[in-house]
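These protein sequence lines are chains A and B, in that order. Under the working numbering, think of the first position of the first sequence as 154, with each following residue one higher. Under the working numbering, think of the first position of the second sequence as 6, with each following residue one higher. Data block below; observations after.
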Amino acid sequence: SQELEQSPQSLIVQEGKNLTINCTSSKTLYGLYWYKQKYGEGLIFLMMLQKGGEEKSHEKITAKLDEKKQQSSLHITASQPSHAGIYLCGAAGGTSYGKLTFGQGTILTVHP
Amino acid sequence: KAGVTQTPRYLIKTRGQQVTLSCSPISGHRSVSWYQQTPGQGLQFLFEYFSETQRNKGNFPGRFSGRQFSNSRSEMNVSTLELGDSALYLCASSLGLARGSDTQYFGPGTRLTVL
């Protein structure tokens, strides 16, 4: 079965700093999703990457999928307190419809 | 467009009882997936329904079941509740396209506490 490993597990940064979260898959990724979650709430969709080498940006968040399609990174530029939360990567793989396998999450704290 | 809604938002039950959770997908979405989230195991896939048929199932005991109605609304049921079933239950809706090309949108979740 596919496994996703995120690093770091937690991150504390000062407002205005840049940061990167990584997601590594044990198998080829057919679709890689990034979500953000506030504790105890639902997941908010950020971006989906499908093609090797693909890069997408939304506001100050950029996500990339490497050429071999087994690793993705999420980069936040000039972090703000509103960026705080849990970031989760999810993967669609194999022949499974409707199933995403998730990493364990990265807890981001941004100090003003 | 309204997002995914889940009811109830919070639920407290005792061991041995059963519970039914409801999920209304985004209009036009025919696929509903259910997940369980706990601090120890993270987010785990329960099952997925598309056009009233279960297409995929995760590794959960038979006490966990679900169904989908003709309007795409879905329910999941947990019978004979155990303490370990305490979790945040999330549903997600999507168009139900092929793997890797479909985006799942999540509801706010139902927090289930089993005493």
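Each residue gets a CB set at the ideal place from its N, CA and C atoms; glycine is no exception.
Open item on the list: Residues of chain B with CB closer than 8 angstroms to the CB of K252 (chain A), please, in chain order.
Closed with: Here residue 252 (chain A) refers to the residue found at position 99 of the first sequence. In chain order: S38, F50, E53, N61, G63.
Open item on the list: Between A:L172, A:L182, A:L253, A:K252, which has its C-alpha nearest S225 (chain A)'s C-alpha?
Closed with: Position 72 of the first sequence holds residue 225 (chain A). It is A:L182 whose Cα lies nearest to the Cα of S225 (chain A).
- [ ] Count the other CB atoms, across all protein chains shown, that sit within 10 Å of the CB of A1 (chain B); report buried if there are 16 or more and exposed otherwise.
- [x] Examination of residue 1 (chain B) is not possible in this model, given that chain B is present from 6 through 120 alone.
Open item on the list: Please state the DSSP three-state secondary structure of H211 (chain A).
Closed with: Position 58 of the first sequence holds residue 211 (chain A). It is a strand residue.
Open item on the list: I'd like the span of the beta strand (DSSP E) that includes V263 (chain A), first residue to last.
Closed with: Translated into positions along the first sequence, residue 263 (chain A) becomes position 110. Per DSSP, V263 (chain A) belongs to the beta strand (DSSP E) from 259-264.
Open item on the list: Can you give me the C-alpha to C-alpha distance between T108 (chain B) and D90 (chain B), rounded to a whole angstrom?
Closed with: What you label residue 108 (chain B) is simply residue 103 of the second sequence in a count that begins at 1. What you label residue 90 (chain B) is simply residue 85 of the second sequence in a count that begins at 1. Cα to Cα, the separation comes out at about 27 angstroms.
Task: Nonlocal neighbours in the same chain, by C-beta distance under 6 angstroms from R60 (chain B), ignoring five residues either side - done: By 1-based counting over the second sequence, the position of residue 60 (chain B) is 55. Taken in chain order, the residues that qualify are E53.
- [ ] Return helix, strand or coil for L102 (chain B), following the three-state DSSP convention.
- [x] If you number the second sequence from 1, residue 102 (chain B) lands on position 97. Note: L102 (chain B) maps to coil in three-state DSSP.
Open item on the list: So, with DSSP's three-state summary, where would you put S179 (chain A)?
Closed with: As a first step, residue 179 (chain A) is located in the first sequence; it is residue number 26 there, counting from the start. Note: S179 (chain A) maps to coil in three-state DSSP.
TODO: Below 8 angstroms between beta carbons is the criterion; list the residues of the segment 98-111 of chain B that meet it against any residue of chain A, in chain order.
DONE: S99, G101, A103, R104, G105, S106, D107, T108, Q109, Y110, F111
Task: Rounded straight-line distance, which links the Cα of Q257 (chain A) to that of S210 (chain A) - done: Residue numbering aside, residue 210 (chain A) sits at position 57 when the first sequence is read from its first letter. Residue numbering aside, residue 257 (chain A) sits at position 104 when the first sequence is read from its first letter. Spanning the two alpha carbons is a distance of roughly 23 angstroms.
TODO: Might you give, ordered along the chain, the residues of its own chain that have their beta carbon closer than 7 angstroms to the beta carbon of G114 (chain B), omitting 5 neighbours on each side?
DONE: For the purposes of this step, residue 114 (chain B) is taken as the residue at position 109 of the second sequence. Within the same chain, G114 (chain B) has close Cβ partners Q11, L93, Y94, L95.
TODO: Identify whether H236 (chain A) lies in helix, strand or coil by the three-state DSSP scheme.
DONE: By one-based count along the first sequence, residue 236 (chain A) stands at place 83. Residue state, collapsed to three classes: helix.
TODO: Have a look at B:V9, B:C28, B:Q73, B:A7 and flag the residue whose alpha-carbon is nearest the alpha-carbon of E2 (chain B).
DONE: For residue 2 (chain B) there is no data in the structure shown, the boundaries of chain B being 6 and 120.
- [ ] Give the residues of chain A in contact with G47 (chain B), contact being defined as C-beta atoms less than 9 angstroms apart.
- [x] Walking along the second sequence from the start, residue 47 (chain B) turns up at place 42. Going along chain A in sequence order, the residues near G47 (chain B) (Cβ under 9 angstroms) are L241, F255, G256, Q257, G258.
Open item on the list: Looking at the strands, I want to know which residues DSSP matches up with E158 (chain A).
Closed with: Against the first sequence, residue 158 (chain A) aligns to sequence position 5. Looking at the DSSP assignment, E158 (chain A) forms a beta bridge with A:T177.
TODO: Find the residues of chain A that neighbour P113 (chain B), judging by a C-beta separation of less than 7 angstroms, and give them in chain order.
DONE: For the purposes of this step, residue 113 (chain B) is taken as residue 108 along the second sequence, with counting starting at 1. Chain A residues near P113 (chain B): E194, G195.
TODO: Please determine, among A:T262, A:L185, A:S160, the residue with the shortest C-alpha to C-alpha distance to K222 (chain A).
DONE: For this step, residue 222 (chain A) is matched to residue 69 along the first sequence. The shortest C-alpha separation from K222 (chain A) is found at A:L185.
Open item on the list: Is it buried or exposed, G169 (chain A), if we count other Cβ atoms within 10 angstroms and call 16 or more buried?
Closed with: Numbered from 1 along the first sequence, position 16 holds the residue referred to as residue 169 (chain A). By the neighbour-count rule (16 or more Cβ atoms within 10 Å), G169 (chain A) is not buried but exposed.
- [ ] At 7 angstroms on the CB atoms, spell out the chain B contacts of S232 (chain A), in chain order.
- [x] Position 79 of the first sequence, counting from 1, holds the residue named residue 232 (chain A). In chain order: nothing, as chain B lies at least about 23 angstroms away.
Open item on the list: I'd like to know whether the C-beta of A245 (chain A) is nearer than 9 angstroms to at least one C-beta of chain B.
Closed with: For the purposes of this step, residue 245 (chain A) is taken as the residue at position 92 of the first sequence. Taking Cβ atoms only, chain B reaches closer than 9 angstroms to A245 (chain A), which makes this a yes.
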